[in-house]
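Residues -22 to -1, 1 to 550 (mature numbering (1 follows the signal peptide of the UniProt record, and there is no 0)) make up the sequence shown, in order. What follows is a short report on a single structure.
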Amino acid sequence: MRKLAAIVAVSSAVVFPAPLFADTQVNSHIESVTVFPSGAEATRTARLPLSKGEHTLVFNDLPAEAVASSIRVDGKATAGLDIQSVDTRRRYIPRADQEALQAERKSLDDQIERLRDERGLLQGQEDAAQTQKALLQNLAQLPARPQGSAEAPATGGAAVPATDWTQVLALIGSGMTDAQKLAVDVEVKRRDLDRRIEDLEKKLLALAPGRTEQTEVTVHVVAEAPLEADLTIKYQVQNAGWTPRYDARLSTGSKTDPAKLELTRRADIVQRTGEDWSNIALHLSTTRPAANAAAPDINSTFVDFEPEPAPPPVAMPAPTAAYERRAAVQQRQRVGGAGAADNMVMAEAAPVMLEVGEQRAAVEAAPFQAIFSVPGRLAVPSTGESKRVLLQQDHIEPVLAVRTVPKADAKAYLYAKLTLPKGAPVLQGDVSLFRDGTFVGTGSLPVLSPGEPHELGFGADDLVRVRHAVAEEKRGETGLISSARTDSRNFRITVRNLHERAVELVVLDQVPVSRNDDIKVEMLGPAQPTKRDVDGKRGVIAFESKLGPEEERQIEFGYRVIWPGARAIIYR
């Protein structure tokens, strides 16, 4: 098959004359998707026969989120086929079932109206029940009111028999019960009606008149002869991405078996592009497409003395008429010049403010490029749900070491020193840590290149015991003529290895760092650190050694701070 030349999509804002040949609607399907950490590129394919001559091929199945400037059309054909132009535009498609939706909406409106009428009747029943309860409460207060009072009804001076009040109170009790039951029944029915009305309103909202937004691609081609064409459309979408996930499974081994580390790479894929990815070939790329492909420009910076302050203005004599005429003529001659000059200065100064804060993303991902091809055909819905896939597994022979910071925590922690094998780089991501099949916690991996070493912590090592103690503290003065003050501190760190094999031991501690030339810091004790300023941290020291099985070792060290006696120091 002959290959077609790729062509850049043309903005829909450009107006083209109507073609003299009929449009051909083409149905395409997603063949593959390459997902980036931020964004994705989809590849659609379509096969169709074409007769000799000019044709306009219309693709209506691209999502609205497709980036118009990224659309590319390519393909192969059994004979000569040339692409003349590619146009794109945003297309709004009304729902095809509008009449059925309108009828359903009318039915829902009628149901809601009937339920609201029923609710109004219930409101009247509730008001009647409340009125009945109020009347009965007033009747219940009559026996307690004195005869002849303004609140009591007139009885002509005759006493009301007690038996009559007993019957009245019984009637009041039964009436209150009936009124309360009616009020409860009304409330239950009203809640049921409210729920039914709410459900119907949600259905009505879901049936709101709407339209589907899509990207339409129109391809103008010329066929030299009848042919079969396989066309490919590639486009980028923004609402997609993948995040790396790692499992680090450490087997500590034994006295005879070496330690092993299995690093499993997985990816969580999420997309909300407006179209489902069904039965696709999935590729994951570590690159980050960005608008800034080149380094930004940088302008010159000049240094000079500050200008001398302007002298205070001197009062000038009133201008004469001749002076004012000359000034007016000069002003007319300068009209337009100053404004143009000012605009030019502003135009030259404006680029200094461009592209601030857009450089980091491009620089971070530039050295790392790899593509993972996931086996099989996959489906990723456009619902934003995460789909996890396995990328690869690396088997690494780590070097185990025990690290402790006894000044802060009297525990030893197991570390695995690993070097990444050749292949794909590691992107920054969370890692789940397993030691001898047991989950011990989570950590994180930074961006690592193949062959770059790294250390992972795998929790506390209970078979290495650590003790930290202050052996001595002294404060005093030295010197005869000019006295100086001193602060001496000595420490003793004891480490015991209860393993059946030797361990690499790293003990971290610190000594003060002077910020003044008059303050001196000296190391004391027989033990000298093997590393100073560890990881670029001033004053952090390390004692590295190999500790045999059942071996105990003491590290004794300290420091002395000397400063002028007339001053006071502070540790922070």
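The beta carbon of each residue, even a glycine, is placed where N, CA and C say it ideally should be.
Anticipated Cβ contact below 8 Å, residue i with residue j, distance rounded
i, j, result
"arginine 366", "aspartate 246", "5 Å"
"leucine 185", "arginine 92", "About 18 Å separates the two Cβ atoms, so there is no contact after all."
"leucine 405", "threonine 264", "6 Å"
"glutamate 104", "valine 166", "Wrong, their Cβ atoms sit about 11 Å apart, outside the cutoff."
"serine 466", "arginine 538", "4 Å"
"histidine 261", "serine 364", "The Cβ separation is near 18 Å, so there is no contact."
"alanine 218", "glutamine 249", "4 Å"
"threonine 34", "histidine 198", "6 Å"
"proline 403", "histidine 446", "About 40 Å; that fails the 8 Å criterion."
"leucine 411", "threonine 420", "6 Å"
"lysine 395", "valine 380", "Not a contact, Cβ separation roughly 12 Å."
"lysine 111", "alanine 157", "5 Å"
"threonine 23", "threonine 210", "5 Å"
"leucine 171", "alanine 107", "That belief does not hold up - the Cβ atoms of leucine 171 and alanine 107 are roughly 17 Å apart, past 8 Å."
In DSSP terms, what residue i is bridged to
i, result
"lysine 238", "Ser229"
"methionine 501", "Tyr537"
"valine 404", "Leu426"
"valine 13", "Ala18 and Leu262"
"isoleucine 471", "His446 and Ile533"
"histidine 33", "Val199"
"valine 248", "Gly219"
"glutamate 194", "Arg67"
"glycine 421", "Val409"
"histidine 7", "Thr23"
"leucine 59", "Ala201"
"aspartate 465", "Arg453 and Val539"
"tyrosine 224", "Arg243 and Val409"
Unbroken beta strand (DSSP E) run spanning residue i, endpoints
i, result
"threonine 23", "18 to 28"
"glutamate 529", "That residue, glutamate 529, is in no beta strand (DSSP E); it is neither H nor E in DSSP."
"glutamine 216", "Unbroken run through glutamine 216: none, as it is neither H nor E."
"serine 351", "349 to 351"
"alanine 46", "That residue, alanine 46, is in no beta strand (DSSP E); it is neither H nor E in DSSP."
"tryptophan 454", "Reading the sequence as shown, one finds glycine at residue 454 and not tryptophan. First-last of the beta strand (DSSP E) with glycine 454: 442 to 456."
"glycine 437", "431 to 438"
"tyrosine 391", "387 to 397"
"arginine 381", "377 to 383"
"arginine 366", "365 to 374"
"glutamate 524", "In the sequence on display, residue 524 carries lysine and not glutamate. Where lysine 524 is concerned, the enclosing beta strand (DSSP E) stretches over 518 to 525."
"threonine 508", "First-last for threonine 508: undefined, no H or E at that position."
"aspartate 414", "Where aspartate 414 is concerned, there is no enclosing beta strand (DSSP E), given that its DSSP letter is neither H nor E."
"leucine 486", "481 to 488"
"threonine 2", "1 to 4"
"leucine 356", "356 to 358"
Closest Cα partner of residue i within the set the options
i, options, result
"serine 48", "Glu478, Val215 and Thr34", "Val215"
"valine 448", "Ser232, Gln108, Lys498 and Phe535", "Phe535"
"leucine 59", "Leu26, Arg67, Leu79 and Lys212", "Leu26"
"aspartate 387", "Glu104, Lys180, Ala438 and Asp465", "Ala438"
"proline 504", "Gly362, Asp177, Leu260 and Asn468", "Asn468"
"residue 571", "His373, Leu239, Lys509 and Pro285", "Residue 571 lies beyond the stretch modelled for the chain, which goes from -22 to 550, so this question has no answer here."
"glycine 517", "Leu525, Asn494 and Pro490", "Pro490"
"arginine 67", "Ile258, Ala44, Lys54 and Gly53", "Ala44"
"threonine 251", "Phe280, Leu40 and Ile548", "Leu40"
"asparagine 475", "Ile349, Gly429, Pro527 and Gln488", "Pro527"
"glycine 454", "Val380, Leu434 and Pro542", "Pro542"
"alanine 348", "Asp1, Glu32, His7 and Pro15", "Pro15"
"leucine 178", "Asn494, Asp88, Ile548 and Glu375", "Asp88"
"threonine 382", "Lys395, Val444, Lys233 and Asp52", "Val444"
"asparagine 38", "His7, Ala55, Gly429 and Leu113", "His7"
"leucine 369", "Ala544, Trp220 and Thr109", "Trp220"
"proline 204", "Arg493, Glu375, Lys30 and Leu441", "Lys30"
"tyrosine 224", "Ser278, Ala55, Met154 and Gly407", "Gly407"
"lysine 54", "Ala78, Gln110 and Ala207", "Ala207"
"leucine 28", "Val4, Thr456 and Ser10", "Val4"
"leucine 398", "Gly429, Pro274, Pro290 and Pro424", "Gly429"
"leucine 79", "Glu9, Leu183, Met154 and Ile90", "Leu183"
"valine 36", "Asp496, Val64, Glu450 and Val418", "Val64"
"valine 409", "Ala226, Asp95, Ala157 and Ala42", "Ala226"
"leucine 483", "Ala46, Thr508, Pro290 and Leu228", "Thr508"
"alanine 18", "Gln110, Gly151 and Lys212", "Lys212"
"aspartate 487", "Lys498, Ala480 and Glu522", "Glu522"
"glutamate 194", "Lys452, Asp1 and Val418", "Asp1"
"alanine 546", "Leu441, Ile497, Met501 and Glu286", "Ile497"
"aspartate 254", "Leu114, Leu171, Glu9 and Ala107", "Glu9"
"arginine 550", "Ser256, Lys389 and Arg493", "Arg493"
Residue i Cβ short of 8 Å to the ligand SAH heavy atom set
i, result
"valine 491", "Absence of the ligand SAH is noted for the structure shown, with no ligands found whatsoever."
Any C-beta of chain B under 9 Å from that of residue i
i, result
"aspartate 372", "You won't find chain B in this structure, because it holds only one protein chain."
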